[in-house]
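In this note's numbering, the protein residues as written are 1 to 223. Worksheet for the structure shown next.
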């Protein structure tokens, strides 16, 4: 047992195979809860409609899972759903708003030409969309792009006086999200960049999160 215990301790695990680092365990719980929430949202949208009971269930789930309540997308969903249900009734306009919000959380549910569902998400994007400037501004690109390769996107930025970065820092001015998101975007590099950018933006950093479509439109406008 001595060798067994020492081996797990070196790997940061206890004798039950659980991480010794509490922060690591808490992060793992948060990720599982976010996964569960996204699964619940997909279930609510499965029949193409929502009802007040389903929305109330989502609200109660977030309230019961406080570990995830401060994480994206729960921290965006909760205040808007709570406001819609504050009077105990969800009218047609509120229903449309919540429906749009839930769809943007899990991505576009339509089927593109290749028959694969799009998993890109619109929820983190800045609203209203900002004017994009290039001189001395730093850009990071994440996801898959229809307009060109990452290198091509970086060259467009450099040609206009800006800088292209490979990661998210507090000095970043724009995160550009590809129109085609990753199937498992939450746990991919694509998703981790979005999450980090959201944390900086919510902390007050002047960081804009924009879509490929909006960014490419700014390129065309300058040509």
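All C-beta atoms, glycine included, are put in the ideal place defined by N, C-alpha and C.
Checklist entry - Grouping DSSP H, G and I as helix and E and B as strand, with all else coil, what is residue 177? => result strand
Item to check | Residue burial classification, residue 124 (beta-carbon count within 10 angstroms, cutoff 16) | outcome: buried
Checklist entry - Is the distance from the Cβ of residue 106 to the Cβ of residue 193 below 8 Å? => result no
Next on the checklist: Is it the case that the region 136-155 contacts the region 163-181, given that we only count it when at least three CB pairs across the two stretches are under 8 Å?
Outcome noted: yes
Checklist entry - If you drop the 5 nearest sequence neighbours on each side, which residues of the same chain put their C-beta closer than 6 Å to that of residue 209? => result 124, 125, 126, 175, 197
Next on the checklist: For residue 38 and residue 68, I'd like the C-alpha separation in whole angstroms.
Outcome noted: 11 Å
Checklist entry - Which two residues bound the contiguous alpha helix (DSSP H) that contains residue 126? => result Segment: none, residue 126 is in no alpha helix (DSSP H) and carries neither H nor E.
Checklist entry - Anyone know if the C-beta pair for residue 138 and residue 172 falls short of 8 Å? => result In terms of Cβ geometry, residue 138 and residue 172 form a close pair [threshold 8 Å].
Checklist entry - If you check the beta carbons only, do residue 81 and residue 103 fall under 8 Å apart? => result No, Cβ-Cβ distance for residue 81 and residue 103 is not below 8 Å.
Next on the checklist: Quick check on residue 220: buried or exposed, where buried means 16 or more other Cβ atoms within 10 Å of its Cβ?
Outcome noted: By the beta-carbon neighbour count (other beta carbons within 10 angstroms, threshold 16), residue 220 is exposed.
Item to check | residue 44 vs residue 58 beta-carbon contact at 8 Å | outcome: Contact annotation: residue 44 and residue 58 have beta-carbon atoms nearer than 8 Å.
Next on the checklist: Between which residues of its own chain and residue 110 is the CB-CB distance below 6 Å, once the five residues before and five after are set aside?
Outcome noted: Only weak support is given to the placement of residue 110: the predicted model assigns it a pLDDT of 40, under 50, and the question is left unresolved by the model.
Checklist entry - Just the Cα atoms here: how many angstroms apart are residue 89 and residue 223? => result 50 Å
Next on the checklist: Please classify residue 64 as buried or exposed, where buried requires at least 16 neighbouring CB atoms within 10 angstroms.
Outcome noted: exposed
Item to check | Beta-carbon separation (whole angstroms), residue 212 vs residue 146, contact threshold 8 Å | outcome: 7 Å
Checklist entry - Can the beta-carbon of residue 30 be found less than 8 Å from the beta-carbon of residue 56? => result no
Checklist entry - By a C-beta neighbour count over all protein chains shown, 10 Å radius and 16 as the cutoff for buried, is residue 206 buried or exposed? => result exposed
Next on the checklist: Closest to residue 158 by C-alpha separation, out of 136, 170, 177, would be which residue?
Outcome noted: 136
Item to check | Beta-carbon proximity check, residue 132 vs residue 215, cutoff 8 Å | outcome: yes
Checklist entry - Roughly how far, in whole angstroms, is the beta-carbon of residue 170 from the beta-carbon of residue 200, given that I think they are within contact range, below 8 Å? => result 6 Å
Item to check | Minimum C-alpha distance to residue 36 - residue among 73, 93, 84 | outcome: 73
Checklist entry - With a Cβ-Cβ cutoff of 8 Å, do residue 191 and residue 144 count as a contact? => result no
Next on the checklist: Using C-beta distances below 7 Å, list every residue in its chain close to residue 161, excluding the 5 sequence neighbours before and after it, in chain order.
Outcome noted: 134, 135, 136
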